[in-house]
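2 protein chains.
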Amino acid sequence: MLSAENSDPGRLEWMVGSPPPADKIIRFSDPDFFNFPRSRWVVCHNRQLMPTLGVSRGLGAPVPLARRIDWTIDAVRFTPIGGSREMTWAQSLEANYTDGIAILRDGVLVFERYFGCLGEAGQHAAMSVTKSLTGLLGEMLVAEGVIDERARVDAIVPELAGSGFGDATVRQVLEMTTGLRYSEDYADPQADVWLHAAAGNPLPKPSGYAGPRSYFDFLRTVRKEGEHGAAFGYRTVNTDTLGWIIARATGKSVAALLSERIWSRMGAEQDGYISVDSIGTPFAGGGFSAGLRDMARIGQLMLDNGVINGQRLVPEAAITRIRAGGDRAAFEKAGYALLKGWSYRGMWWITHNAHGAFMARGVHGQSIYVDPAARMVIARFSSHPLAGNAANDPITLPAFEAVANHLMR
Amino acid sequence: MLSAENSDPGRLEWMVGSPPPADKIIRFSDPDFFNFPRSRWVVCHNRQLMPTLGVSRGLGAPVPLARRIDWTIDAVRFTPIGGSREMTWAQSLEANYTDGIAILRDGVLVFERYFGCLGEAGQHAAMSVTKSLTGLLGEMLVAEGVIDERARVDAIVPELAGSGFGDATVRQVLEMTTGLRYSEDYADPQADVWLHAAAGNPLPKPSGYAGPRSYFDFLRTVRKEGEHGAAFGYRTVNTDTLGWIIARATGKSVAALLSERIWSRMGAEQDGYISVDSIGTPFAGGGFSAGLRDMARIGQLMLDNGVINGQRLVPEAAITRIRAGGDRAAFEKAGYALLKGWSYRGMWWITHNAHGAFMARGVHGQSIYVDPAARMVIARFSSHPLAGNAANDPITLPAFEAVANHLMR
């Protein structure tokens with residue numbers, strides 16, 4: 001497997017030239033367009049491969065982050081989980097195929113680096129970090145009384161009656177404790193997650209395709225398995241269902257609501273954007289791209305319980321509920337060896353560690369890590385070759401904790 | 001034909017709902033996706049239908065336009081060309097299916113209105129106004145000595161040797177006086193412009209498709225007809241060729257260069273974006289979308305000979321050359337009944353009227369109109385049902401002149 005340095009998209013010259021050489025062209029319609037190492041170029045260029053909805057920052061001036069860089073962070077040392085040799089923070093960035101990383105301490109930018117395809121004015125795929133944004137909107141609407149968390153899903157979205165979601169509650173969707181027959185094993189080509197992707201793909205369907213043709217149509221095909229509320233099961237379709245619930249309850253898409261309630265009010269530097277299916281539905285479970293510092297602003301908003309730049313954007317109750325965590329016994333059943341004692345709530349991952357840290361997590365290592373005790377936020381974009389955080393957590397989690405302790409020293 | 005009011009996309013409820021009703025869905029793959037009145041929704045939503053490249057405004061604060069609205073402009077009266085009855089400015093906006101219009105006088109916003117799909121934070125398809133931005137970049141690079149206007153095209157882009165462009169000069173491309181066998185008659189389904197569109201369409205090609213698969217590949221198929229330099233012929237392929245010349249000369253795409261040299265330096269409020277083909281080539285001849293006020297800023301930059309907010313972005317010589325106009329005799333041969341005495345230079349339309357006015361023009365009425373004598377800029381986005389400015393010029397041109405005279409009164 002190529003190292004971060006050797007798989008750097010600049011070094012591999014993807015899409016460079018007018019036109020690029022044939023073997024350097026990446027097309028959305030290529031079945032391998034997202035294979036490593038091409039994936040390391042794609043994560044910064046989703047919008048030029050597929051249709052997207054903008055998430056506007058509005059027209060006002062950005063609110064710049066104060067900046068006091070502490071390069072001594074580079075030398076912070078930690079021992080990876082299961083490892084025997086210490087590693088430095090600087091080494092961890094390369095090991096995890098980091099594309100950009102920013103650390104805020106008390107809202108001040110104390111560390112920032114870019115690699116690979118990303119720069120300060122670039123936008124990077126957040127993938128499942130998107131879920132935490134959709135979840136935040138969901139918790140906000142629950143706290144505001146717009147959505148009743150005890151309501152059955154089919155009471156809000158009647159089209160889902162009879163599907164696996166129909167008799168689940170909004171709260172079960174928000175915590176991903178729905179009981180569904182649905183496999184999200186990316187390594188299995190027959191897994192349901194690929195049928196979901198095919199339904200949501202905005203390109204015209206191949207001839208002979210007989211499956212569902214939009215995210216919404218796909219959700220209607222998901223069947224129940226077991227009981228709701230019993231176990232945590234990480235399934236992207238829960239977030240897409242939440243997106244549908246939000247759209248139905250507010251009359252606005254997740255993209256429009258995210259701009260209106262958060263992105264246009266938090267002093268963002270850049271617009272974000274979100275991929276859409278063929279009928280314009282934003283991919284609430286994974287389609288968002290944005291700038292790194294704006295992701296750090298989201299972390300700060302969470303750390304400060306819904307207030308940013310002196311303005312309340314999110315009801316405190318919404319964030320308190322997320323930070324309190326979900327059902328740890330239900331989470332335990334999912335069997336994450338590296339995440340013992342964690343839980344999941346409002347589509348955020350709660351560590352329940354001594355610092356009260358919680359995270360948004362994307363499949364190639366994208367993270368927003370909030371450590372309340374250290375008053376620290378880490379925003380990271382990355383493009384790890386392996387599709388699963390188990391591949392980077394042994395380095396990520398102790399590295400993040402070590403920096404928190406360094407800042408608190 | 002539906003009126004502006006009755007074809008308003010809000011009223012027709014395109015793409016409203018989660019999901020929208022089947023007959024209200026607009027898909028890029030529908031052959032009629034851009035037919036009127038759907039077109040009036042599409043012009044504000046290109047990015048959610050097709051892949052696009054961002055044209056970043058950078059990360060700094062926008063420079064707001066001073067604002068002193070003069071609603072008396074609404075009552076300005078004029079007589080349409082060929083008409084016998086007077087009309088007011090306010091009436092002209094409806095008659096021309098205006099989506100947004102902004103007037104600057106001495107750089108101050110004196111009039112601004114939005115209709116149809118557009119609002120102040122929206123982005124609208126500029127279509128052939130894109131050509132004037134590409135042309136401006138071309139003239140800038142000529143003025144800076146990066147591109148030799150006397151060079152043969154095939155000396156810069158060897159792939160075009162043997163095509164109709166090969167032995168044309170850069171200047172002939174910039175003035176669209178190339179002699180080409182190429183029809184841009186939108187009403188003829190066999191016209192070359194549709195082959196150009198098929199080549200540039202980013203969707204996978206239909207099975208059996210044997211034509212060129214990118215804008216660049218298409219340009220290589222264009223044949224010469226007649227002599228270069230003899231007559232003006234409005235053909236989008238000239239601008240795409242200019243885009244190729246720019247990319248080859250600078251190593252940067254038109255999108256990247258437009259951001260770097262202009263969009264990120266003019267105090268823009270919003271990012272722009274540009275559609276791309278399947279290999280990521282921006283559509284230099286027509287793919288740009290942006291906010292209305294930012295288009296007005298471009299007009300102001302032209303009016304002030306390359307300076308905006310006290311900063312020079314474009315060499316004065318580049319704009320002086322555009323404003324001086326092109327070969328009027330060559331223009332005359334194209335037979336525009338409504339544009340007697342005009343010329344075309346650097347991909348801008350020069351009126352040669354007493355005010356020295358010049359324009360960028362898009363096919364459904366999009367305009368940037370610069371009137372140096374009145375120190376006035378008009379930026380307009382519109383979505384006229386008819387694909388050709390002959391349909392709106394009889395109202396547009398006297399209306400713009402009347403407002404100029406009103407401001408000078």
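Residue numbers (UniProt numbering), protein chains in the order written: chain A, 1 to 409; chain B, 1 to 409. All C-beta atoms in this analysis are idealised placements derived from N, C-alpha and C, irrespective of residue type, glycine included.
Rounded to whole angstroms, what's the CA-CA distance from residue i to residue j? Just pull it up for me.
| i | j | result |
| --- | --- | --- |
| Tyr215(A) | Thr221(A) | 10 angstroms |
| His124(B) | Pro62(B) | 19 angstroms |
| Asn96(B) | Leu257(A) | 32 angstroms |
| Val377(A) | Asp277(B) | 39 angstroms |
| Ser92(B) | Thr396(B) | 8 angstroms |
| Glu112(B) | Arg47(B) | 24 angstroms |
| Leu49(A) | Ser382(A) | 19 angstroms |
| Phe288(A) | Val129(A) | 8 angstroms |
| Thr178(B) | Glu149(B) | 14 angstroms |
| Phe34(A) | Gly280(A) | 22 angstroms |
| Arg261(B) | Asn405(A) | 44 angstroms |
| Glu120(B) | Gln172(B) | 37 angstroms |
| Asp99(A) | Met295(A) | 13 angstroms |
| Asn353(A) | Leu203(A) | 44 angstroms |
| Val363(B) | Met127(B) | 7 angstroms |
| Trp371(A) | Asp304(A) | It should be pointed out that residue 371(A) corresponds to Asp in this sequence rather than to Trp. Their backbone Cα atoms lie some 11 angstroms apart in a straight line. |
| Gln300(B) | Gly82(B) | 31 angstroms |
| Thr88(B) | Glu401(B) | 13 angstroms |
| Asn392(A) | Arg27(A) | 28 angstroms |
| Lys252(B) | Ser84(A) | 47 angstroms |
| Glu332(A) | Leu338(A) | 11 angstroms |
| Gly122(A) | Gly138(A) | 28 angstroms |
| Cys117(B) | Cys44(B) | 6 angstroms |
| Ile101(A) | Glu5(A) | 16 angstroms |
Count the other C-beta atoms from every protein chain shown that fall within 10 angstroms of the C-beta of residue i, then say buried if there are 16 or more, exposed otherwise.
| i | result |
| --- | --- |
| Asp188(B) | exposed |
| Met1(B) | exposed |
| residue 410(A) | This structure does not reach residue 410(A), given that chain A is present from 1 up to 409, and the question cannot be answered. |
| Ser310(B) | Looking at the sequence shown, residue 310(B) is not Ser but Gly. The residue is exposed, with fewer than 16 neighbouring Cβ atoms inside 10 Å. |
| Lys340(A) | exposed |
| Ala231(A) | buried |
| Ser207(B) | exposed |
| Gly272(B) | buried |
| Gly226(B) | exposed |
| Thr351(A) | buried |
| Tyr369(B) | buried |
Please work out which residues of its chain come closer than 8 angstroms, Cβ to Cβ, to residue i, disregarding the five sequence neighbours upstream and downstream, and give them in chain order.
| i | result |
| --- | --- |
| Arg297(B) | Leu65, Met266, Gly267, Ala268, Ile308 |
| His228(A) | Asp167, Ala168, Thr169, Gln172, Thr177, Thr178, Gly179 |
| Ser56(A) | Ser259, Trp263, Ser264, Asp271 |
Is the closest heavy atom of the ligand HEM to the C-beta of residue i under 7 angstroms?
| i | result |
| --- | --- |
| Ser7(B) | You won't find the ligand HEM in this model; it holds no ligand whatsoever. |
Residues in the same chain with beta-carbon distance under 6 angstroms from residue i, minus the five sequence neighbours each way, listed in chain order, please.
| i | result |
| --- | --- |
| Ser7(A) | Pro37, Arg40 |
| Ala284(B) | Thr134, Thr239, Asp240, Gly243, Val254 |
| Arg345(B) | Glu175, Ile322, Gly325, Gly326 |
| Gly365(A) | Asn96, Ser382, His384, Asn392 |
| Phe165(A) | Val153, Thr241 |
| Leu53(B) | Ala255, Ile274, Val276, Pro282 |
| Glu184(B) | Val193, Arg235 |
Only counting the same chain, and skipping five residues up and downstream in sequence, which positions put a Cβ closer than 7 angstroms to that of residue i?
| i | result |
| --- | --- |
| Arg105(B) | Arg375, Met376, Leu407 |
| Ala151(B) | Thr169, Val170 |
| Pro315(B) | Met140, Ala143, Glu144, Gly306 |
| Tyr182(B) | Asp192, Val222, Arg235, Val237 |
| Gly58(A) | Ser264 |
| Asp70(A) | Val110, Phe111 |
Original post:
What are the residues of the region 264-276 of chain A that lie near chain B, defined by any Cβ-Cβ distance shorter than 9 angstroms?
Top reply: Ser264, Glu269, Gln270, Asp271, Tyr273, Val276
**OP:** Select from the region 39-64 of chain B all residues with a C-beta closer than 7 angstroms to any C-beta belonging to chain A, and list them in chain order.
**Re:** Arg47, Gln48, Leu49, Met50, Pro51, Thr52, Leu53, Gly54, Ser56, Gly58, Leu59, Ala61, Pro62
Original post:
Are the region 156-163 of chain A and the region 324-331 of chain A in contact at 8 angstroms, needing three or more beta carbon pairs?
Top reply: no
Subject >> Interfacial residues, the region 203-224 of chain A to chain B, with Cβ spacing under 7 angstroms >> reply: Leu203, Pro204, Ser214, Phe216
**OP:** For the region 97-128 of chain A, enumerate the residues whose C-beta is nearer than 7 angstroms to any C-beta of chain B, in chain order.
**Re:** Glu120, Ala121
Original post:
Should the region 12-23 of chain B be regarded as contacting the region 13-23 of chain A, the criterion being three or more beta carbon pairs within less than 8 angstroms?
Top reply: no
Original post:
Contact between the region 304-321 of chain B and the region 139-148 of chain B: three or more CB pairs below 8 angstroms?
Top reply: yes
Subject >> Contact set between the region 232-250 of chain B and chain A, restricted to residues whose Cβ is under 8 angstroms from the partner >> reply: Trp244, Ala247, Arg248
**OP:** Could you run through the region 4-21 of chain B and flag, in chain order, every residue whose CB is less than 8 angstroms away from some CB of chain A?
**Re:** Met15, Ser18, Pro19, Pro20
Original post:
In chain order, what residues of the region 156-174 of chain A put their CB closer than 8 angstroms to some CB of chain B?
Top reply: none
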